Amino acid sequence: MQEHHDVHKQISAAILQLRLRQPFFATLSLFAQIKVSDTVDTAMTDGRSITFNPTFWRQLTPAERLGVLTHEVLHAALQHVPRRGQRDPHLWNIAADIVVNGIIAHLEGLELPRGHLREPDLERLSVEEIYQQLQQNPRRASQLRVPLDLKQQSQQEDPLSHEEYNRQRDYWWRAIKQASSTGAQSGHFPLGLERELARIDPSRLDWRSYLWRFLTQTPSDFSGFDRRFIGQRLYLDAQENEQLHAYIAVDTSGSISNKDLSLFLSELRGILAAYPHVIGQLYYVDTECHGPYEVSSVSAELPPPQGGGGTNFAPFFERIQTEHEPWQNAVCVYLTDGFGSFPEEPPGLPVLWVVTGHHLEREGFPFGEVIELVPDEGN
2 MQEHHDVHKQ ISAAILQLRL RQPFFATLSL FAQIKVSDTV DTAMTDGRSI TFNPTFWRQL
62 TPAERLGVLT HEVLHAALQH VPRRGQRDPH LWNIAADIVV NGIIAHLEGL ELPRGHLREP
122 DLERLSVEEI YQQLQQNPRR ASQLRVPLDL KQQSQQEDPL SHEEYNRQRD YWWRAIKQAS
182 STGAQSGHFP LGLERELARI DPSRLDWRSY LWRFLTQTPS DFSGFDRRFI GQRLYLDAQE
242 NEQLHAYIAV DTSGSISNKD LSLFLSELRG ILAAYPHVIG QLYYVDTECH GPYEVSSVSA
302 ELPPPQGGGG TNFAPFFERI QTEHEPWQNA VCVYLTDGFG SFPEEPPGLP VLWVVTGHHL
362 EREGFPFGEV IELVPDEGN
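If you use the numbering used here, the sequence shown corresponds to residues 2 to 380, in order.
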């Protein structure tokens, strides 16, 4: 149909415009199979192809076309359809839209249609984490509405096989790698996108980049921000003229190798050298908390790890609660395998768990961010 042909041309033009504004996402969109059909209400993806309703597309402004295109591309690239599994499709779609819309909100030149869903306090979580929170808060979930744009499996369709899931995942990883190689992203992804990439395959995420971003990112101005929300995994705004305290705990129960510890602290020193306003304090923790020891780019060799008993995460966070001044910007970083006793209540500071070796699944961490430390190959 001529109508569909014209919309295809408009979509191609939108991709060219996206290349001028957001080349990383434009390159990513080239890996999606674009279709135009009246069988969908607005737009939809099955994880590989993206289908647009022609009437809906024509009603969008140029900036909204870029936003909707990127929205669907992110759903596909981040594997939001196969990752859903047996979860409730509508609630999962809401959680996925919260993540994707949060990413797009920080991309210059892109807009989303009026009435799109934004839940800023949830946007730094993964889709799985948001889904779980909405399950636990049905009243909030019932107030959220989104158009269903993630294809649902019909009764006649077989579920995606493990092999097909891996092929689809690898396809989009190659797309992400190629999009990154254009130089458009320079190794830095929006934080929400980085979390989603970690969900697909943590071993392919640059843990160094994530660590750097956790300790140095200043995404917005938090002046006047209610500090009670810090415990909900929001980041503190560390301006260059302000000090940021990094409380660093190392699990010394025997699960952390000397090689991993050396690798981690080496990278940490690099961050401290590049950002003098970040002050690092190191603690060794098993069932007791030993320290603190100063960690800086010029600090002397660190004392040998102390401990070797069981693992209890509570002593570290209890110590920080007593040592941390409420007016100080601060974050907590914990190097561990995650197997241990967690405190009953989350601390009032952002927490990054850096896990290594055979470790606890991400769903087992009751609070904070989780990244996997992957040693360099050949080391």
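Don't be surprised by glycine CBs; every beta carbon is placed ideally from N, CA and C.
Treat the numbers as computed from the prediction; the structure is a model and nothing was measured.
Collapsed DSSP secondary structure at I131 in the structure displayed: Here I131 sits in helix by DSSP.
Beta bridge counterpart(s) of I372 as assigned by DSSP: V355
The stretch 339-357 touching the stretch 251-269, judged by at least three CB pairs closer than 8 angstroms: yes
Chain-order list of residues whose beta-carbon lies under 6 angstroms from that of E324 (same chain, five-residue window excluded): none
At least three beta-carbon pairs within less than 8 angstroms, the stretch 6-23 to the stretch 56-72: yes
Whole-angstrom distance between Y284 and E326, CA atom to CA atom: 17 angstroms
Spatially closest choice to P367 from E373, V352, L374, by CA coordinates: In terms of CA proximity to P367, V352 leads the group E373, V352, L374.
At least three beta-carbon pairs within less than 8 angstroms, the stretch 118-135 to the stretch 96-109: yes
For G232, three-class secondary structure by DSSP: Its pLDDT being 35, under 50, G232 is placed unreliably in this model, and the coordinates cannot settle the point.
Reduced DSSP category for E158 - H, G, I as helix; E, B as strand; rest coil: Summary for E158: the model assigns pLDDT 49, below 50, so the residue's position carries little reliability; its value from the coordinates is reported in the next sentence. Correct three-state label for E158: coil.
Alpha helix (DSSP H) runs contained entirely in the stretch 46-83, provided each spans 4 or more residues: 55-59, 63-78
Cβ neighbour criterion (16 or more within 10 Å) applied to Q80: buried
Opposing strand residues paired with N313 [DSSP bridges]: S342
Cut-off 6 angstroms between Cβ atoms - residues of its own chain near T52, not counting five sequence neighbours on either side: Sequence-distant partners of T52 (beyond 5 residues in either direction) whose C-beta falls short of 6 angstroms from its own C-beta, in its chain, are K36, S38, V41, M45.
Where G281 sits in the DSSP three-state scheme: The DSSP-derived three-state label of G281 is strand.
N- and C-terminal bounds of the alpha helix (DSSP H) containing S7: The sequence shown places Asp at residue 7, not Ser. Per DSSP, D7 belongs to the alpha helix (DSSP H) from 3-22.
Neighbourhood of E124 by C-beta distance below 7 angstroms, restricted to the same chain and skipping five residues each side: I99, V100, G103, G193
Supposed close pair Q136, R49 - CB separation, criterion 8 angstroms: No, Q136 and R49 are not in contact; Cβ-Cβ is about 28 angstroms, not under 8 angstroms.
Per-residue DSSP class, three states only, for G365: helix
Endpoints, the alpha helix (DSSP H) within which G292 is located: It is not in any alpha helix (DSSP H) - G292 instead sits in the beta strand (DSSP E) that spans 290-296.
Simplified DSSP state of N330, which is helix, strand or coil: Three-state DSSP puts N330 in a strand.
Three-state secondary structure assigned by DSSP to H246: strand
Of the listed residues L336, G311, T312, E346, nearest to Q322 (C-alpha basis): E346
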